[in-house]
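Asker:
2 protein chains.
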Amino acid sequence: MGRTASVDEAVVQARLAEVFRAGGYAGASLSALSAAVGLQRASLYHRFPDGKPAMARAVLQGIEAELQETLRPLHAEPDVAEGVAEMARRIARGYQDGRVACVLDTMTLTGAPDDITAHAARLARQWLAAMADASLRAGADPQQANARAQAALVRIQGALVVSRVLHDPSVFEQTLTELPALLLSDRRAL
Amino acid sequence: MGRTASVDEAVVQARLAEVFRAGGYAGASLSALSAAVGLQRASLYHRFPDGKPAMARAVLQGIEAELQETLRPLHAEPDVAEGVAEMARRIARGYQDGRVACVLDTMTLTGAPDDITAHAARLARQWLAAMADASLRAGADPQQANARAQAALVRIQGALVVSRVLHDPSVFEQTLTELPALLLSDRRAL
DNA sequence: GTCTATATTTGGATAGAC
DNA sequence: GTCTATCCAAATATAGAC
Numbered sequence: 005m006g007r008t009a010s011v012d013e014a015v016v017q018a019r020l021a022e023v024f025r026a027g028g029y030a031g032a033s034l035s036a037l038s039a040a041v042g043l044q045r046a047s048l049y050h051r052f053p054d055g056k057p058a059m060a061r062a063v064l065q066g067i068e069a070e071l072q073e074t075l076r077p078l079h080a081e082p083d084v085a086e087g088v089a090e091m092a093r094r095i096a097r098g099y100q101d102g103r104v105a106c107v108l109d110t111m112t113l114t115g116a117p118d119d120i121t122a123h124a125a126r127l128a129r130q131w132l133a134a135m136a137d138a139s140l141r142a143g144a145d146p147q148q149a150n151a152r153a154q155a156a157l158v159r160i161q162g163a164l165v166v167s168r169v170l171h172d173p174s175v176f177e178q179t180l181t182e183l184p185a186l187l188l189s190d191r192r193a194l
Numbered sequence: 005m006g007r008t009a010s011v012d013e014a015v016v017q018a019r020l021a022e023v024f025r026a027g028g029y030a031g032a033s034l035s036a037l038s039a040a041v042g043l044q045r046a047s048l049y050h051r052f053p054d055g056k057p058a059m060a061r062a063v064l065q066g067i068e069a070e071l072q073e074t075l076r077p078l079h080a081e082p083d084v085a086e087g088v089a090e091m092a093r094r095i096a097r098g099y100q101d102g103r104v105a106c107v108l109d110t111m112t113l114t115g116a117p118d119d120i121t122a123h124a125a126r127l128a129r130q131w132l133a134a135m136a137d138a139s140l141r142a143g144a145d146p147q148q149a150n151a152r153a154q155a156a157l158v159r160i161q162g163a164l165v166v167s168r169v170l171h172d173p174s175v176f177e178q179t180l181t182e183l184p185a186l187l188l189s190d191r192r193a194l
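The listed protein sequences correspond, in order, to chains A and B. Here the working numbering is used: the first residue of the first sequence is 5, the next is one more, and so on. Here the working numbering is used: the first residue of the second sequence is 5, the next is one more, and so on.
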């Protein structure tokens, strides 16, 4: 414990994220955050002088970076179908196959700072735009593409909620298998 | 302010529910609950001697009663299609057309008492069972019926999350219009 | 950079007057 | 049944030693 960081910044961010994700903004107490990171509360304040709101902001920035990586295959993959399949795999991994909640849901309950909820909304829109773009590339018309992207996000978020409430990750896994068809299929998909 | 209740029990329950719904269990402070109900904290303790967990239990009991009413048309209506349509209308009303969150989602984050999360899981299963039954009556085979009920709950919950995060209730309204087809349609619906 | 110690505020809960 | 006043614990945040 000298003057050099005992815990890597990315690790701190990831462990903070776990706490905010599981308990929401209000449920993430400094004690819980401190315990999860393995640093005393005062040490957290050294890294985040603006306190809990700053920690939440850092978490969302980390989530944003992770989301970019998750969505990258949607435009980087020459084969759209493979891109969507890869996104689905990354989503499955990121949400631990449905065993953890989504920060976009849990961190945006009443009580969270406004900039947090605003950032979450931006992330959701990025996600929608990336999926709509993939659907477009797969041959859907623009209106269809937007509708399918919206339906996809609705199902992902809903599956996470239902899986968590029922303690049944299979709901999430099942839903993910249907994602590619939803975004890509030619036939009219609800 | 004599010895007679200044606020009706059902009203208290409903106002407590608003706070738990919006902020989750952890976010529902006694001060917020007190302010919402219009009674001092001590008065809340008179009605709920076991404190905040008891208030949360009362809220879930109220939600359970409301859910029964919401689902009643599914088996009470002779015409299944009309029953599903009526359920959809009641859901729309209960969630204020997508402007409020679902207690099953927000009250079940880490930090809530175990009996609360267990109760929420039971309510979700009741909901699924009622929709699966309607789908069965509409001609689906048992496996289809369960899958469709699950898909319906996933979409409802997901639409509430996405609507809230985007501040766009139209996502919820759009999703609700698709519910009847999902539960009733003969053709293979994802 | 991390720690112990402490300050301050809020949250949960109780006592007792009316 | 509701209130004011109070208690205690927990949550947020800061000071200063190492």
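Don't be surprised by glycine CBs; every beta carbon is placed ideally from N, CA and C. Since this is a predicted model, take the numbers as computed values, not measurements.
#1: Return the chain-ordered list of same chain residues with a C-beta closer than 6 Å to the C-beta of B:M5, the five sequence neighbours on each side being excluded.
#2: What's the gap between the Cα of A:V63 and the Cα of A:E70?
#3: Please compile the residues from chain B whose C-beta is within a distance smaller than 7 Å of the C-beta of A:H171.
#4: Any beta-carbon of chain A closer than 7 Å to the one on B:G27?
#5: Can you check which of these residues, A:V175, A:V169, A:L132 and A:S167, is closest to A:A156 by C-alpha distance?
#6: Alpha helix (DSSP H) containing A:T74: first to last residue?
#7: Identify the residues that DSSP records as bridge partners of B:T179: which are they?
#8: Starting from the C-beta of A:V158, find all residues in its chain whose C-beta is less than 7 Å away, skip the five residues before and the five after it, and write them out in chain order.
#9: Going by C-alpha distance, which of A:G102, A:P77, A:A125 and A:G162 is nearest A:R141?
#10: For A:T114, which beta-bridge partners are listed by DSSP?
#11: Helix, strand or coil for B:P184 per DSSP?
#12: State the start and end residues of the unbroken alpha helix (DSSP H) segment that holds A:R94.
#13: Three-state secondary structure (DSSP) at A:L194?
#14: Would DSSP call A:T121 helix, strand or coil?
#15: In its own chain, which residues sit with a C-beta less than 7 Å from the C-beta of A:A138, not counting the 5 before and 5 after it?
#16: Taking Cβ positions only, does A:G115 come closer than 7 Å to chain B?
#17: So, helix, strand or coil for B:S174, using DSSP?
#18: Thinking C-alpha only, which one of B:A39, B:L180 and B:A46 is nearest B:R97?
#19: DSSP on A:M5, reduced to helix/strand/coil?
#20: Taking A:R51 as the query, report the chain B residues whose CB atoms sit under 8 Å from its CB, ordered along the chain.
#21: Hey, how far is the Cα of A:E177 from the Cα of A:A149?
#22: Pull up the distance between the alpha-carbon of B:T110 and that of B:V16, whole angstroms please.
#23: Quick check: the segment 159–175 of chain A against the segment 160–167 of chain B, are at least 3 beta-carbon pairs closer than 8 Å?
#24: Excluding the 5 residues preceding and the 5 following A:R152 in the sequence, name in chain order all residues of the same chain whose CB lies nearer than 8 Å to its CB.
#25: Using a Cβ-Cβ cut-off of 6 Å (strictly less than) and excluding sequence neighbours within five positions of A:Q72, which residues of its own chain qualify?
#26: Straight-line CA distance for A:P184 to B:R93?
#27: Report yes or no: is there a C-beta of chain A within less than 7 Å of the C-beta of B:A43?
Answerer: According to the structure data:
#1: Here residue 5 of chain B corresponds to residue number 1 of the second sequence, with the count starting at 1. Only weak support is given to the placement of B:M5: the predicted model assigns it a pLDDT of 48, under 50, and the question is left unresolved by the model.
#2: As a first step, residue 63 of chain A is located in the first sequence; it is residue number 59 there, counting from the start. As a first step, residue 70 of chain A is located in the first sequence; it is residue number 66 there, counting from the start. So the alpha carbons of these two residues sit roughly 11 Å apart.
#3: Locating residue 171 of chain A in the first sequence gives position 167, counting from the first residue. The contacting residues are A125.
#4: Numbered from its first residue, the second sequence carries residue 27 of chain B at position 23. So, interface residue.
#5: As a position in the first sequence, residue 156 of chain A is number 152, starting the count at 1. Here the closest residue by C-alpha is A:L132.
#6: The residue given as residue 74 of chain A occupies position 70 in the first sequence. Looking at the DSSP string, the run of the alpha helix (DSSP H) that includes A:T74 is G55 to A80.
#7: Here residue 179 of chain B corresponds to residue number 175 of the second sequence, with the count starting at 1. Answer by DSSP bridge pairing: none, since B:T179 is not bridged.
#8: Locating residue 158 of chain A in the first sequence gives position 154, counting from the first residue. If we look at A:V158 and ignore the five residues flanking it on each side, it has no Cβ neighbours.
#9: As a working note, residue 141 of chain A is residue 137 in the first sequence. Residue A:P77 is the option with its Cα nearest to A:R141.
#10: Translated into the one-based positions of the first sequence, residue 114 of chain A becomes position 110. Paired residue(s): A:A116.
#11: The residue given as residue 184 of chain B occupies position 180 in the second sequence. It is helical.
#12: As a working note, residue 94 of chain A is residue 90 in the first sequence. V84 to G98 is the span of the alpha helix (DSSP H), which, as asked, contains A:R94.
#13: Taking the first residue of the first sequence as position 1, residue 194 of chain A is located at position 190. For A:L194, the pLDDT reaches just 49, beneath the cut-off of 50, and the residue's location in the model is therefore unreliable, although a value from the coordinates is still provided. Residue state, collapsed to three classes: coil.
#14: Taking the first residue of the first sequence as position 1, residue 121 of chain A is located at position 117. If DSSP states are grouped into helix, strand and coil, A:T121 belongs with the helices.
#15: For the purposes of this step, residue 138 of chain A is taken as the residue at position 134 of the first sequence. Closer than 7 Å at Cβ, skipping near neighbours: L78, V84, G87, V88 and L187.
#16: If you number the first sequence from 1, residue 115 of chain A lands on position 111. Yes - at least one Cβ of chain B is within 7 Å of the one on A:G115.
#17: Taking the second sequence and counting its residues from 1, one reaches residue 174 of chain B at position 170. Helix.
#18: Position 93 of the second sequence holds residue 97 of chain B. For the residues B:A39, B:L180 and B:A46, the minimum Cα distance to B:R97 belongs to B:L180.
#19: Position 1 of the first sequence holds residue 5 of chain A. At A:M5, the pLDDT of 48 sits below 50, so the modelled position is not reliable; the number obtained from the coordinates is stated separately. Three-state DSSP puts A:M5 in coil, outside helix and strand.
#20: Position 47 of the first sequence, counted from the start, is the residue given in the question as residue 51 of chain A. Result: empty, since nearest Cβ-Cβ is about 23 Å, beyond 8 Å.
#21: For the purposes of this step, residue 177 of chain A is taken as residue 173 along the first sequence, with counting starting at 1. For the purposes of this step, residue 149 of chain A is taken as residue 145 along the first sequence, with counting starting at 1. Approximately 23 Å between the Cα atoms of the pair.
#22: Position 106 of the second sequence, counting from 1, holds the residue named residue 110 of chain B. Position 12 of the second sequence, counting from 1, holds the residue named residue 16 of chain B. C-alpha separation (whole angstroms): 19 Å.
#23: yes
#24: Taking the first residue of the first sequence as 1, we reach residue 152 of chain A at position 148. Correct list, in chain order: M135, A136, S139, A144, L186, L187 and A193.
#25: Taking the first residue of the first sequence as 1, we reach residue 72 of chain A at position 68. If we look at A:Q72 and ignore the five residues flanking it on each side, it has no Cβ neighbours.
#26: Locating residue 184 of chain A in the first sequence gives position 180, counting from the first residue. Locating residue 93 of chain B in the second sequence gives position 89, counting from the first residue. Taking the straight line joining both Cα atoms gives about 31 Å.
#27: As a first step, residue 43 of chain B is located in the second sequence; it is residue number 39 there, counting from the start. Reading off the sequence, residue 43 of chain B comes out as Leu, not Ala. Cβ-Cβ to chain A under 7 Å: no for B:L43.
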